[in-house]
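Structure first, then comments.
Protein chains: 2
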Amino acid sequence: MTSGTNPRMPSILGGPVIILDQPQLGENIGTVARAMLNCGLTSLRLVSPRDGWPNERALGPASGATSVLDGVRVYPSLKEAIADLNYVVATTARPRDMAKEILTPKGAAKALRKKTAAGDACGIIFGCERTGLTSDNLPLADAIVSVPLNPAFSSLNLAQSVLILAYEWFQSGSDIPESQLHTGKSEVASKAQLQALFDRLEGELDEAGFFTSAEQKPSMQRNMRNMLQRARLTAQETNTFQGIISALTGKRKPAGNA
Amino acid sequence: MTSGTNPRMPSILGGPVIILDQPQLGENIGTVARAMLNCGLTSLRLVSPRDGWPNERALGPASGATSVLDGVRVYPSLKEAIADLNYVVATTARPRDMAKEILTPKGAAKALRKKTAAGDACGIIFGCERTGLTSDNLPLADAIVSVPLNPAFSSLNLAQSVLILAYEWFQSGSDIPESQLHTGKSEVASKAQLQALFDRLEGELDEAGFFTSAEQKPSMQRNMRNMLQRARLTAQETNTFQGIISALTGKRKPAGNA
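So the protein sequences, as listed, match chains P and R.
In terms of my numbering, the first sequence opens at residue 753 and continues consecutively.
In terms of my numbering, the second sequence opens at residue 753 and continues consecutively.
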């Protein structure tokens, strides 16, 4: 949805290896590659892919994440696929009778960032589409990642699981604030510009007989000022508002307020 | 991946309405429904779906989220689709020249939680697959949600965008800790059980002549204790470890340590 693939922007590389254990559909491998590259992950390993590798069915769903597909490495077993790594987490449903650290995707992202920063080679294991990871393979992982979801409907497909883990990885390294006012080409209005707007509006309203009760005028003024303050106007928007007042009153804008 | 659809578990309902503006493919509407229900969202509105509604192509990809599909409401325009709501955010790429609050998905989830808790009816708007939201429609939203992603490859498909927003909504209401030790059926070992294990191991190693240097014995003991401490053994596992020592030394386990 957020538009765009921009080959001139630097691709953010590094981060944990994604390991798919016995993936079945080539399409899913392609969608996984796309979700990985969306989040700056590029190393994909496949353990015994059912339909072999390379698989041309992966190409379309990868939507251009061919660099990930081109770099895929295939292994005969999960043990061999993680042999050179130092810290590995595995996504699965909550294990019933195993003593194991369980992380949320956010907790996993933090752990992976910490280990990566310490120089450890890291990986995230995903089981096959139909059965997930076998219990026998869980002890290979340092920790389990379990995605908190609606308990009545908690089944995610393979690419969605990868997307959520990869998304949390990317967010854990992002310094974009949770909320910011984007003002486009204009600056946020100065207090002087706002004050001029308040004065002008209230002056015009006074002339028009808007404040019928002298007693209530101060509270009406406060309410109007709060309303306009809350809109967090830009400098350009205070000018627009001055123009609106001029148009509504049938007057020319006062000189110097253009 | 996380296994399971369990009709006996209560479905977590409520939360913001998801509004798809002019969606094209029925399959995508189905995948959106699935991602929504995964995260406890159930109200889906469609604005002028290209292929009409209902659309049987949505059924398969919904993977059983038929309750969401059955409740779909269709509107002729985005304005009408949001008319009864109080707070609405729209997902889109960063607007170029518009003064607008921009939220991350996590920031949006927090804002939506706050508004929902205050009794406001909330919604999240997603543009069509090909072009996203038009600039003309952005002013309808209180804020913009932009997903921080690899700037070189930032294009998400419709269902993935919905999944990320819905996922953050669910997480913002979840009290599952980022990391926890799941111990299955057994309790974490008591310090007394650990101490008994340390004493036994060190005693056996003493007998076996493991500590060749009396000088280094204290630091070797400390290292072994730290290693076992770090494993955060369960009560059951200390018993298993006692059994391992017995087996390796060829001795019967001492009575009372079963």
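C-beta: ideal position from N, C-alpha, C; glycine also.
**Asked** Assuming D773(P) and C874(P) make a contact with CB atoms under 8 angstroms, what is their CB distance in whole Å?
**Response** Here the question's residue 773(P) lines up with position 21 in the first sequence. Here the question's residue 874(P) lines up with position 122 in the first sequence. Wrong, their Cβ atoms sit about 16 angstroms apart, outside the cutoff.
**Item:** Sequence-distant residues of the same chain with beta carbon closer than 6 angstroms to E920(P), five excluded per side
**Value:** Counted from its first residue, the first sequence places residue 920(P) at position 168. Hits under 6 angstroms: P857, K858, A861.
**Prompt:** How should I771(P) be labelled, buried or exposed, when 16 other C-beta atoms within 10 angstroms of its C-beta is the threshold for buried?
**Reply:** On the first sequence, position 19 is the one that residue 771(P) refers to. It is buried - the Cβ of I771(P) has at least 16 other Cβ atoms within 10 Å.
**Prompt:** Quick one: does L796(R) have its CB under 8 angstroms from some CB of chain P?
**Reply:** On the second sequence, position 44 is the one that residue 796(R) refers to. Closer than 8 angstroms: no.
**Prompt:** Which value, in whole angstroms, describes the spacing of the CA atoms of I854(R) and L933(R)?
**Reply:** Taking the second sequence and counting its residues from 1, the one referred to as residue 854(R) is at position 102. Taking the second sequence and counting its residues from 1, the one referred to as residue 933(R) is at position 181. Whole-angstrom Cα-Cα distance: 37 angstroms.
**Message:** I'd like to know if N978(R) contacts chain P, where contact means its C-beta is closer than 8 angstroms to some C-beta of that chain.
**Reply:** Looking up residue 978(R) in the second sequence gives position 226. No - not a single Cβ of chain P is within 8 angstroms of the one on N978(R).
**Item:** Chain-ordered chain C contacts of G792(P) [CB-CB under 7 angstroms]
**Value:** In the structure shown, chain C does not exist; the protein chains are P and R.
**Request:** Output, in chain order, the set of chain P residues within a Cβ distance shorter than 7 angstroms of S926(R).
**Result:** Within the second sequence, the letter at position 174 stands for residue 926(R). In chain order: P900.
**Request:** Any chance you could list the alpha helix (DSSP H) runs of at least 4 consecutive residues sitting entirely within the segment 841 to 901 of chain P, in chain order?
**Result:** The segment 841 to 901 of chain P contains, as complete alpha helix (DSSP H) runs of 4+ residues, the segments 857 to 869 (chain order).
**Asked** Does F905(P) come within less than 8 angstroms of chain R when only Cβ atoms are used?
**Response** On the first sequence, residue 905(P) is found 153 positions in, with the first residue counted as 1. At least one chain R Cβ lies under 8 angstroms of F905(P).
**V840(R) and L892(R) closer than 8 angstroms at C-beta** = Position 88 of the second sequence, counting from 1, holds the residue named residue 840(R). Position 140 of the second sequence, counting from 1, holds the residue named residue 892(R). Yes; because the gap between Cβ atoms is below 8 angstroms, this pair is in contact.
**Prompt:** Who are the neighbours of D849(P) on chain R, taking C-beta pairs under 7 angstroms?
**Reply:** In the first sequence, counting from the first residue as 1, residue 849(P) sits at position 97. At a beta-carbon threshold of 7 angstroms, the residues of chain R lying near D849(P) are G936, K937, ordered along the chain.
**Message:** Less than 8 angstroms between the C-beta atoms of D888(P) and K937(R), yes or no?
**Reply:** Translated into the one-based positions of the first sequence, residue 888(P) becomes position 136. Translated into the one-based positions of the second sequence, residue 937(R) becomes position 185. Cβ distance not < 8 angstroms, so D888(P) and K937(R) don't count as in contact.
**Prompt:** Can you find a CB in chain R that lies within less than 8 angstroms of the CB of S800(P)?
**Reply:** If you number the first sequence from 1, residue 800(P) lands on position 48. So, not an interface residue.
**Request:** Taking all protein chains shown into account, decide if N732(P) is buried (16 or more other Cβ within 10 angstroms of its Cβ) or exposed.
**Result:** The structure shown does not extend to residue 732(P), since chain P is modelled only from 753 to 1010, so the question has no answer here.
**Prompt:** Under a CB-based cut-off of 8 angstroms, is I996(R) close to chain P?
**Reply:** Locating residue 996(R) in the second sequence gives position 244, where the first residue counts as 1. Chain P contact via Cβ: absent.
**Message:** Counting only Cβ-Cβ distances shorter than 8 angstroms, please list the residues of the segment 801 to 822 of chain P near chain R, keeping chain order.
**Reply:** Of all residues in the segment 801 to 822 of chain P, S815, G816, A817 have a Cβ within less than 8 angstroms of some Cβ in chain R.
**Asked** Closest Cβ-Cβ distance between S887(R) and chain P: below 8 angstroms?
**Response** On the second sequence, residue 887(R) is found 135 positions in, with the first residue counted as 1. No, no contact with chain P.
**Contact belief for T990(P) with L946(P) at Cβ below 8 angstroms, rounded distance in angstroms** = Walking along the first sequence from the start, residue 990(P) turns up at place 238. Walking along the first sequence from the start, residue 946(P) turns up at place 194. About 7 angstroms; that satisfies the 8 angstroms criterion.
**Request:** Can you tell me which of R786(R), V784(R), L796(R), G778(R) puts its alpha carbon nearest to the alpha carbon of P768(R)?
**Result:** Counting from one through the second sequence, the residue named residue 768(R) turns up at place 16. The shortest Cα separation from P768(R) among R786(R), V784(R), L796(R), G778(R) belongs to L796(R).
**Asked** In the structure shown, what three-state DSSP assignment does D803(R) receive?
**Response** Start at 1 with the first residue of the second sequence, and residue 803(R) comes out as number 51. In the structure shown, D803(R) sits in coil (DSSP, three-state: anything other than H, G, I, E or B).
**Asked** Is G792(R) closer than 8 angstroms to A810(R) when the C-beta atoms are compared?
**Response** Your numbering for residue 810(R) matches position 58 in the second sequence. Your numbering for residue 792(R) matches position 40 in the second sequence. No; because the gap between Cβ atoms is not below 8 angstroms, this pair is not in contact.
**Message:** Is there a C-beta anywhere in chain R that falls below 8 angstroms from the one on V769(P)?
**Reply:** Taking the first sequence and counting its residues from 1, the one referred to as residue 769(P) is at position 17. Taking Cβ atoms only, chain R never reaches closer than 8 angstroms to V769(P), which makes this a no.
**Asked** According to DSSP, is L837(P) helix, strand or coil?
**Response** Indexing the first sequence from 1 puts residue 837(P) at position 85. Three-state result, L837(P): coil.
**Item:** chain R contacts made by the segment 952 to 976 of chain P, where a contact means CB separation under 7 angstroms
**Value:** Within the segment 952 to 976 of chain P, no residue qualifies.
**Prompt:** Who are the Cβ neighbours of L830(R) in its own chain at under 8 angstroms, not counting the five residues just before and after it?
**Reply:** Position 78 of the second sequence, counted from the first residue, corresponds to residue 830(R). The answer, listed in chain order, is I771, D773, V799, I877, N889, L892.
**Item:** Exposure label - L885(R); buried when at least 16 CB within 10 Å
**Value:** Against the second sequence, residue 885(R) aligns to sequence position 133. Label assigned to L885(R): buried.
**Request:** Reducing DSSP to helix, strand and coil, say where Q774(R) ends up.
**Result:** Locating residue 774(R) in the second sequence gives position 22, counting from the first residue. Of the three classes helix, strand and coil, the one that applies to Q774(R) here is coil, per DSSP.
**Message:** Per the DSSP calculation, S795(R) is bridged to which residue(s)?
**Reply:** The residue you call residue 795(R) lines up with position 43 of the second sequence. S795(R) is not bridged to any residue.
**Prompt:** Closer than 8 angstroms, CB to CB, is P762(P) near chain R or not?
**Reply:** For the purposes of this step, residue 762(P) is taken as the residue at position 10 of the first sequence. Caution is warranted here: a pLDDT of 41 is assigned to P762(P), below 50, making its placement in the model unreliable, and the coordinate value is therefore given only provisionally. Judged by the 8 angstroms Cβ criterion, P762(P) is in contact with chain R.
**Request:** Could you tell me whether any Cβ in chain R is nearer than 8 angstroms to the Cβ of Y839(P)?
**Result:** Within the first sequence, the letter at position 87 stands for residue 839(P). The beta carbon of Y839(P) does not come within 8 angstroms of any beta carbon belonging to chain R, so the residue lies off that interface.
**Message:** Strictly under 8 angstroms for the Cβ-Cβ distance: is E779(P) near chain R by that measure?
**Reply:** Along the first sequence, read from residue 1 onward, the residue named residue 779(P) stands at position 27. Chain R, which has no Cβ nearer than 8 angstroms to the Cβ of E779(P), makes this no.
**Prompt:** Along the chain, where does the beta strand (DSSP E) that runs through R825(P) open and close?
**Reply:** For this step, residue 825(P) is matched to residue 73 along the first sequence. Element bounds for R825(P): 825 to 827.
**Item:** Length of the line joining the Cα atoms of S926(P) and P900(R)
**Value:** In the first sequence, residue 926(P) corresponds to position 174, counting from 1. In the second sequence, residue 900(R) corresponds to position 148, counting from 1. Between S926(P) and P900(R), the C-alpha separation is close to 7 angstroms.
**Item:** 8 angstroms Cβ cutoff met for M788(P) and A817(P)
**Value:** Taking the first residue of the first sequence as 1, we reach residue 788(P) at position 36. Taking the first residue of the first sequence as 1, we reach residue 817(P) at position 65. Going by C-beta atoms, M788(P) is nearer than 8 angstroms to A817(P).
**Asked** Would you say Y919(R) faces chain P, with C-beta separation under 8 angstroms as the test?
**Response** Here residue 919(R) corresponds to residue number 167 of the second sequence, with the count starting at 1. Cβ-Cβ to chain P under 8 angstroms: yes for Y919(R).
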